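Report on one structure; see the data block that follows.
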Ligand SMILES: Nc1ncnc2c1ncn2[C@@H]1O[C@H](COP(=O)(O)OP(=O)(O)OP(=O)(O)O)[C@@H](O)[C@H]1O
Ligand SMILES: [Mg+2]
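Residue numbers (this note's numbering), protein chains in the order written: chain E, 531 to 813; chain Z, 2 to 253.
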């Protein structure tokens with residue numbers, strides 16, 4: 531019975547209309563993009579200073595020769611970002627959960643979490659980097675690492691987990707209390723309700739802002755260059771120093787953007803796969 | 002001319018064909034009650050009429066206009082109807098009053114003062130004038146349901162869709178909502194009501210429609226369909242709920 535349905539002519543006409551409209555909006559989008567993009571390119575390339583701009587920022591030879599060094603620096607950025615992201619997720623989650631604990635015995639934990647987020651959200655990242663990366667090794671304490679990457683990473687983790695904790699806490703608090711009540715009514719403990727009911731909903735909701743933090747982390751991983759580590763930005767800077775041609779900066783910029791875009795698309799796709807449409811849908 | 006005319010509507014979710022070539026006519030001022038087993042598609046039909054679901058096939062006409070045509074303005078069409086959901090769907094971040102005045106102010110562009118006085122009148126009608134400042138969370142289920150009805154009514158819809166408005170209410174409150182709907186009907190409001198309460202159906206229905214297998218199997222007055230069903234499937238359904246839920250079939 532289910533298989534014998536064939537759309538009526540009227541339905542086929544409607545479907546055709548919808549398809550047509552989709553196609554038309556696709557065409558309109560493409561056309562307006564082309565026209566606007568063309569206009570921008572034309573305006574740029576015909577402007578009087580363009581040859582100089584092109585030579586200093588978009589020189590193909592310089593780009594090619596600086597690419598290996600910049601790419602190698604970028605690889606360091608990527609590794610720092612990946613390791614830090616995992617640590618930040620763990621620490622941020624811990625802080626967020628601490629902050630939502632109820633009951634007087636947990637007061638010290640709540641207080642610690644609140645004080646921590648207040649402190650590290652307030653401190654400029656650069657300051658934390660300098661304090662840890664230059665200040666701590668200068669103490670020459672026994673058994674304390676001197677590695678700039680280590681201290682740079684630590685500074686990133688400390689600062690970012692404060693932001694991430696706040697985002698997660700907002701997510702946790704946005705889950706309606708009735709959800710927790712329903713979970714508790716089934717006999718789940720406080721921790722289980724949090725783990726199986728509240729957090730999954732909370733994390734899904736705050737995935738976009740978390741993604742923002744991840745992208746921002748990727749870029750800020752470049753700040754550890756101030757500790758003398760050769761990452762993509764520092765490598766580009768070294769390349770520019772020889773001839774004052776700034777193309778390597780552009781190369782580094784393009785590489786950073788190329789890393790970000792797939793990351794954002796993958797999260798979008800993942801969120802959709804999880805069946806999370808937010809307020810989208812047909813209405 | 003019918004106020005609402007549903008012709009050969011089909012709606013499937015994946016392989017699950019919920020509405021299959023379903024047709025239904027509703028005359029102005031008529032109160033049509035939909036009955037049928039859980040999962041038979043009562044809510045889906047109401048959501049299709051309100052354009053919250055896109056039908057796979059068929060036509061739905063409101064006052065002679067084909068509203069399933071993709072060219073019609075769905076928002077404007079919805080603004081002509083009121084729907085009350087099975088789960089109330091009140092906005093938890095707004096007070097009762099703001100829930101009710103949202104559409105009059107934002108959609109129908111009423112001055113705020115007038116929207117407010119209308120909302121208060123409507124709240125009085127559903128007996129909740131003293132809870133105007135409360136948040137939905139602070140209300141009982143029955144009170145929330147009445148706010149939801151008030152929210153739909155305040156826009157003076159030409160057609161009201163009510164999805165199991167009494168399923169969460171105690172018998173006394175069912176009586177209140179029933180009185181409200183009876184009053185509405187005598188005001189000439191056209192309504193489609195889905196319910197599991199046969200007593201409720203008897204009291205307000207001009208016509209009772211039994212939904213099964215994606216179609217309306219039987220349509221008639223409450224006395225005909227509930228008292229003396231023609232179709233075997235209707236009889237089976239009614240006998241099941243009589244034996245299963247003795248309380249719901251008794252006459253009020
Ligand atoms: N969004 C959806 N996605 C997939 N299937 C759906 C969706 N909405 C409804 N269904 C399915 O459609 C069928 C009819 O659902 P519907 O809610 O219309 O039933 P109902 O008659 O209102 O039942 P009840 O009396 O329990 O409220 C069910 O089998 C349900 O699983
Ligand atoms: Mg339903």
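Beta carbons: idealized from backbone N, C-alpha and C, even for Gly.
No experiment lies behind these values; they were computed from the predicted model shown.
Cβ-Cβ separation, residue j to residue i (assumed contact under 8 Å), whole Å
| i | j | result |
| --- | --- | --- |
| residue 685 (chain E) | residue 655 (chain E) | 7 Å |
| residue 93 (chain Z) | residue 138 (chain Z) | 6 Å |
| residue 166 (chain Z) | residue 150 (chain Z) | 7 Å |
| residue 586 (chain E) | residue 776 (chain E) | 5 Å |
| residue 700 (chain E) | residue 736 (chain E) | 7 Å |
| residue 746 (chain E) | residue 761 (chain E) | No, residue 746 (chain E) and residue 761 (chain E) are not in contact; Cβ-Cβ is about 16 Å, not under 8 Å. |
| residue 759 (chain E) | residue 678 (chain E) | 5 Å |
| residue 47 (chain Z) | residue 193 (chain Z) | 7 Å |
Element boundaries [beta strand (DSSP E), containing residue i]
| i | result |
| --- | --- |
| residue 26 (chain Z) | 17-27 |
| residue 211 (chain Z) | 208-213 |
| residue 59 (chain Z) | 58-63 |
| residue 726 (chain E) | Counting along the chain, residue 726 (chain E) falls outside any beta strand (DSSP E), and DSSP gives it neither H nor E. |
| residue 219 (chain Z) | 216-221 |
| residue 69 (chain Z) | From DSSP, residue 69 (chain Z) is part of no beta strand (DSSP E); its letter is neither H nor E. |
| residue 716 (chain E) | Counting along the chain, residue 716 (chain E) falls outside any beta strand (DSSP E), and DSSP gives it neither H nor E. |
| residue 84 (chain Z) | 82-85 |
| residue 141 (chain Z) | Per DSSP, residue 141 (chain Z) belongs to no beta strand (DSSP E) and is neither H nor E. |
| residue 192 (chain Z) | 191-195 |
| residue 164 (chain Z) | 160-164 |
| residue 11 (chain Z) | 5-14 |
| residue 1 (chain Z) | Limits of chain Z in this structure are 2 at one end and 253 at the other, which puts residue 1 (chain Z) out of reach. |
Burial state of residue i, where buried means 16 or more other Cβ atoms lie within 10 Å
| i | result |
| --- | --- |
| residue 12 (chain Z) | buried |
| residue 536 (chain E) | exposed |
| residue 201 (chain Z) | buried |
| residue 574 (chain E) | exposed |
| residue 236 (chain Z) | exposed |
| residue 809 (chain E) | For residue 809 (chain E), the predicted structure reports a pLDDT of 47, less than 50, and the residue's modelled location is therefore unreliable. A value from the coordinates is still provided. By the neighbour-count rule (16 or more Cβ atoms within 10 Å), residue 809 (chain E) is not buried but exposed. |
| residue 672 (chain E) | exposed |
| residue 105 (chain Z) | buried |
| residue 610 (chain E) | buried |
| residue 17 (chain Z) | exposed |
| residue 788 (chain E) | exposed |
| residue 230 (chain Z) | buried |
| residue 690 (chain E) | buried |
| residue 778 (chain E) | buried |
| residue 557 (chain E) | exposed |
| residue 132 (chain Z) | buried |
| residue 612 (chain E) | exposed |
| residue 681 (chain E) | buried |
| residue 712 (chain E) | exposed |
| residue 66 (chain Z) | exposed |
| residue 592 (chain E) | buried |
| residue 247 (chain Z) | Its pLDDT being 45, under 50, residue 247 (chain Z) is placed unreliably by the model, and the measurement read from it follows with that caveat. By the neighbour-count rule (16 or more Cβ atoms within 10 Å), residue 247 (chain Z) is not buried but exposed. |
| residue 796 (chain E) | exposed |
| residue 635 (chain E) | exposed |
Extent of the continuous alpha helix (DSSP H) run through residue i
| i | result |
| --- | --- |
| residue 102 (chain Z) | 97-107 |
| residue 768 (chain E) | 762-771 |
| residue 793 (chain E) | 777-803 |
| residue 201 (chain Z) | 199-205 |
| residue 1 (chain Z) | In this structure chain Z extends from 2 to 253, so residue 1 (chain Z) is not present and cannot be described. |
| residue 740 (chain E) | 737-750 |
Residue i: CB within 8 Å of a non-hydrogen atom of ligand 3
| i | result |
| --- | --- |
| residue 213 (chain Z) | Looking for ligand 3 in the displayed structure turns up nothing; the ligands present are ligand 1 and ligand 2. |
Q. In chain order, what residues place their C-beta within less than 5 Å of a heavy atom belonging to ligand 1?
A. Z:14, Z:19, Z:39, Z:40, Z:41, Z:42, Z:43, Z:44, Z:45
(Q) For a minimum of 4 consecutive residues, which ranges assigned as the alpha helix (DSSP H) are wholly contained in the region 568-654 of chain E? (A) 580-587, 590-630, 637-652
Q: With a floor of 4 residues, list each alpha helix (DSSP H) that falls wholly inside the region 655-686 of chain E, ordered by position along the chain.
A: As far as the region 655-686 of chain E is concerned, its whole alpha helix (DSSP H) runs of at least 4 residues are 655-660.
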